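Going line by line, the protein sequences match chains A and B.
The opening residue of the first sequence carries number 1 in my numbering; numbering runs sequentially from there.
The opening residue of the second sequence carries number 262 in my numbering; numbering runs sequentially from there.
Glycine is no exception: its CB is placed at the ideal position from the N, C-alpha and C atoms.
It should be emphasised that the depicted structure is a prediction, and the values quoted were computed from it without experimental measurement.
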Amino acid sequence: MSRIAATFARLAAQRRLALIAYLTVGYPRLDVTPSLVQTAADSGADAIELGIPFSDPLADGPTIQAASQQALKGGTTVARALEAATAARKRTDAPILFMTYLNPILAFGLQRFCRAASEAGVDGLIVPDLPPAESADLRQAAVASQLDLVFFVAPTSSEASVAAACGAATGFIYCIAVTGVTGARAELDPGLLPLIELVRRHTNLPIVVGFGISRPEHLEALTGKADGVIVASALLDAIAQSPEDPTARVREFLTGLRPLA
Amino acid sequence: MKETMQGRYGKYGGQYIPETLMAAVDELAAAFEAALKDDGFRHEFEYLSRTFSGRPTPVYRADRLTEQAGGAEIWFKREDLCHTGAHKINNALGQVLLARRMGKRRIIAETGAGQHGVAVATVCAKFGLPCEVYMGVDDMARQATNVYKMRLLGATVTPVESGSKTLKDATNEAIRDWVTNVRTTHYVIGSAVGPHPYPLMVREFQSVIGREARAQMLTETGRLPAVVVACVGGGSNAIGIFAPFYDDPVRLVGVEAAGRGLDSGAHAASIVGGRPGVLHGSFSYLLQDDDGQVMATHSISAGLDYPGVGPEHAFLHDQHRAEYVSVTDEQALAAFHQTSRLEGIIPALESSHAIAYAVPLAAELAASDLVLVNLSGRGDKDVDIVRGASDG
Chain A
1 MSRIAATFAR
11 LAAQRRLALI
21 AYLTVGYPRL
31 DVTPSLVQTA
41 ADSGADAIEL
51 GIPFSDPLAD
61 GPTIQAASQQ
71 ALKGGTTVAR
81 ALEAATAARK
91 RTDAPILFMT
101 YLNPILAFGL
111 QRFCRAASEA
121 GVDGLIVPDL
131 PPAESADLRQ
141 AAVASQLDLV
151 FFVAPTSSEA
161 SVAAACGAAT
171 GFIYCIAVTG
181 VTGARAELDP
191 GLLPLIELVR
201 RHTNLPIVVG
211 FGISRPEHLE
221 ALTGKADGVI
231 VASALLDAIA
241 QSPEDPTARV
251 REFLTGLRPL
261 A
Chain B
262 MKETMQGRYG
272 KYGGQYIPET
282 LMAAVDELAA
292 AFEAALKDDG
302 FRHEFEYLSR
312 TFSGRPTPVY
322 RADRLTEQAG
332 GAEIWFKRED
342 LCHTGAHKIN
352 NALGQVLLAR
362 RMGKRRIIAE
372 TGAGQHGVAV
382 ATVCAKFGLP
392 CEVYMGVDDM
402 ARQATNVYKM
412 RLLGATVTPV
422 ESGSKTLKDA
432 TNEAIRDWVT
442 NVRTTHYVIG
452 SAVGPHPYPL
462 MVREFQSVIG
472 REARAQMLTE
482 TGRLPAVVVA
492 CVGGGSNAIG
502 IFAPFYDDPV
512 RLVGVEAAGR
522 GLDSGAHAAS
532 IVGGRPGVLH
542 GSFSYLLQDD
552 DGQVMATHSI
562 SAGLDYPGVG
572 PEHAFLHDQH
582 RAEYVSVTDE
592 QALAAFHQTS
602 RLEGIIPALE
612 SSHAIAYAVP
622 LAAELAASDL
632 VLVNLSGRGD
642 KDVDIVRGAS
652 DG
């Protein structure tokens with residue numbers, strides 16, 4: 001069983017929501033990424049999503065755009081992200097997924113990227129500009145390297161698209177909570193629970209909700225409905241408040257979101 | 262050269278977009294296909310092209326440029342005479358009519374030089390639709406007149422501060438708006454780029470240029486041009502004039518922006534100087550670094566200052582059906598002055614790239630040959646830039 005599947009199975013048995021923390025590799029600095037992964041895992045994150053920055057993150061709101069630009073300016077590359085993941089893997093057993101846009105993966109080479117990610121101890125990939133219909137080559141490369149490949153459903157998805165995502169995905173289904181880009185939001189969209197129910201009818205994979213998740217009440221509202229949540233922009237916003245001490249901000253934010261069990 | 266399944270041109274094209282937009286592009290593709298089969302839609306598009314946009318535009322024999330070149334006859338397709346001053350109105354009109362059919366009541370667009378933004382704002386004013394145009398702050402500074410025109414027309418111009426502050430970033434921001442407001446909003450992409458069906462749709466609405474020009478050249482000269490030359494940023498004016506000549510023995514030449522020179526790194530020649538990758542929803546040639554990050558571009562012409570290119574051009578290049586070359590800022594400026602003085606036509610800096618390549622090309626061809634240049638826009642918007650370049 002993959003690290004991702006094992007984690008969801010364990011949490012399901014405990015009736016606990018998986019909390020996935022998103023960090024941009026190289027934000028606020030490249031050298032702190034491995035220790036931030038460890039801090040997140042020690043602060044209640046059940047898995048880590050590591051964003052490899054891309055120059056044109058068109059599914060992302062201002063927070064992740066700014067973090068990506070800063071990370072790129074600081075010299076973050078795919079090769080350095082792989083090094084950071086390798087270092088992070090030595091510090092935690094929590095599942096690690098890479099999130100990046102398709103072009104950096106294409107430039108690195110699909111197979112080479114998947115092999116290198118797998119060797120670095122990465123467990124899965126999330127590619128927001130890759131819909132199932134365009135994914136055959138990356139799926140093949142991911143399978144060959146035992147990487148899970150996550151696909152998205154959105155509030156605007158047709159039932160056919162939901163079925164396609166559920167048919168193509170491994171690891172979990174990423175359920176986009178809002179019609180929009182990433183970024184912390186105060187309220188959950190009322191269309192979210194019906195969307196989760198629709199996805200549930202098409203798959204036994206875990207369903208993870210992301211985009212806008214930022215408050216303890218969001219987690220409470222989704223417990224028993226979804227299998228996990230991803231917190232991204234809100235966590236980066238917390239880091240941005242005092243980037244000289246990102247470790248303390250990550251610990252404080254995650255334990256504030258959900259107290260340690 | 263017909264597109265294949267999922268909007269593929271060979272291996273290029275596709276739909277590399279966030280899931281939130283998939284339903285919208287599917288809806289758009291279906292609406293576009295239905296509209297093309299609907300006589301009512303075609304009639305309205307043709308009627309407004311004639312009475313509002315000012316079509317057909319003429320072809321014109323550029324006698325003094327021809328004389329100076331001393332070879333083939335040089336002809337212009339006068340898209341600069343379109344309402345709003347460029348070919349951009351063709352696509353803006355077609356897409357806004359389509360948006361109305363789909364019941365989308367809000368229109369957004371990106372713009373570089375501002376010609377597409379002005380065209381969309383114009384059509385939205387005509388139909389009473391709210392319009393928001395995203396524009397990089399650097400482009401707003403160098404194309405201030407067009408910013409004012411868009412505001413006069415009732416559009417909201419939203420400055421984009423991110424990245425290189427030019428067309429690429431304006432496009433990112435327009436896509437983010439579309440992701441957020443997709444249920445009510447149609448995104449009018451201004452070039453032959455983006456996910457399927459945009460490249461196909463933009464070609465369809467722009468190919469009126471080539472259909473007219475082909476018939477007009479036969480009427481005026483009794484023969485087809487030996488070469489058709491057009492500038493290529495995203496490539497909408499080029500695909501529009503090229504497509505109706507695909508089956509003819511006619512050379513097609515796309516001219517990209519070499520900026521300060523291909524070796525300088527400060528250019529926007531995606532096919533000549535880039536390699537395939539994914540940006541803004543499609544797989545095509547792209548200016549990118551070794552790590553797959555999209556590179557900053559430079560061209561004196563804001564409309565060509567874009568790191569990508571339409572997927573059909575990538576395919577035409579690989580198939581050797583069209584040739585892609587590049588022209589520097591300096592060469593384009595020289596052609597701008599030359600055309601103004603010799604022909605009494607002030608061309609857009611974008612179109613000046615095509616002229617800059619066409620004149621020396623004509624010199625190498627026989628006097629019996631014809632070179633047709635797509636004069637895609639007029640240069641009023643560029644007068645300040647040219648004055649600055651001349652003073653500097």
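Could you check which residue in G315/B, W336/B, M556/B, R316/B has the C-alpha nearest to that of R325/B?
W336/B
Residue burial classification, N351/B (beta-carbon count within 10 angstroms, cutoff 16)
buried
Roughly how many angstroms lie between the CA atoms of A94/A and P279/B, to the nearest whole one?
27 angstroms
Since S118/A is in the alpha helix (DSSP H), which residue starts that stretch and which ends it?
110 to 119
Cross-strand partners of W439/B (DSSP beta bridge)
Partner(s): none; W439/B has no beta bridge.
Within 10 Å of its beta-carbon, does V632/B have 16 or more other beta-carbons around it, so buried, or fewer, so exposed?
buried
Any chain A beta carbon closer than 9 angstroms to M262/B
In this prediction, M262/B scores a pLDDT of 48, lower than 50, which makes its location untrustworthy; the coordinate-derived value is nonetheless stated afterwards. No - not a single Cβ of chain A is within 9 angstroms of the one on M262/B.
With 16 other Cβ atoms within 10 Å as the buried cut-off, status of T39/A
buried
At which residue ranges does the region 372 to 399 of chain B contain complete alpha helix (DSSP H) runs of 4 or more residues, listed in the order of the chain?
376 to 388
Let me know the beta strand (DSSP E) ranges lying completely inside the region 17 to 93 of chain A, each 3 residues or longer, listed in chain order.
18 to 24, 47 to 51
Cβ-based contacts, 9 angstroms cut-off: residues of the region 274 to 291 of chain B near chain A
G275, Q276, Y277, I278, P279, E280, T281, L282, M283, A284, A285, D287
Rounded separation between G271/B and F576/B - CA only
6 angstroms
Measure the CB-CB distance between V647/B and L610/B and report whether it falls below 9 angstroms.
yes
DSSP three-state call for F151/A: helix, strand or coil?
strand
Per DSSP, A226/A forms a beta bridge with which residues?
T223/A
Assuming contact is defined by CB atoms lying nearer than 9 angstroms, are V394/B and V384/B in contact in what I supplied?
no
Spatial neighbours of I532/B within its chain, please: C-beta separation below 8 angstroms, excluding the five flanking residues on both sides.
V493, G515, E517, Y546, V570, H574, A575, H578, Y585
Give the residues of chain A in contact with V647/B, contact being defined as C-beta atoms less than 9 angstroms apart.
Correct list: empty, because the minimum Cβ distance to chain A is about 31 angstroms.
Counting only beta-carbon separations shorter than 9 angstroms, does P131/A have a partner in chain B?
yes
List the residues of chain B that G180/A touches, going by C-beta distances under 7 angstroms, in chain order.
V440, T441
With distances taken Cα to Cα, identify the nearest neighbour of T86/A among T33/A, S158/A, Q111/A.
T33/A
Cβ of N204/A less than 9 angstroms from any chain B Cβ?
no
Along chain B, which residues have their Cβ under 9 angstroms away from the Cβ of I176/A?
P279, E280, T281
Might you give, ordered along the chain, the residues of its own chain that have their beta carbon closer than 7 angstroms to the beta carbon of A557/B, omitting 5 neighbours on each side?
S425
Taking Cβ-Cβ distances shorter than 8 angstroms, what residues in chain B pair up with F108/A?
D552, G553
Is the CB-CB distance between G275/B and V539/B below 9 angstroms?
yes
Return the first residue and the last residue of the alpha helix (DSSP H) that T312/B is part of.
300 to 312
So, is L260/A buried or exposed, given that buried needs 16 or more other C-beta atoms within 10 angstroms?
exposed
At a Cβ cut of 7 angstroms, what residues of the region 384 to 417 of chain B count as close to chain A, listed as they run along the chain?
none
P57/A at chain B interface by Cβ criterion, 9 angstroms:
yes
From D31/A to D341/B, what does the alpha carbon distance come to, in whole angstroms?
54 angstroms
Sequence-distant residues of the same chain with beta carbon closer than 6 angstroms to M99/A, five excluded per side:
E49, G51, I126
N-terminal and C-terminal residue of the alpha helix (DSSP H) that E604/B is part of
590 to 604
How long is the line joining the alpha carbons of L205/A and T170/A, rounded to whole angstroms?
7 angstroms
Three or more C-beta pairs below 8 angstroms linking the region 306 to 313 of chain B and the region 591 to 608 of chain B
no
Alpha helix (DSSP H) segment containing S497/B, residue limits
497 to 503
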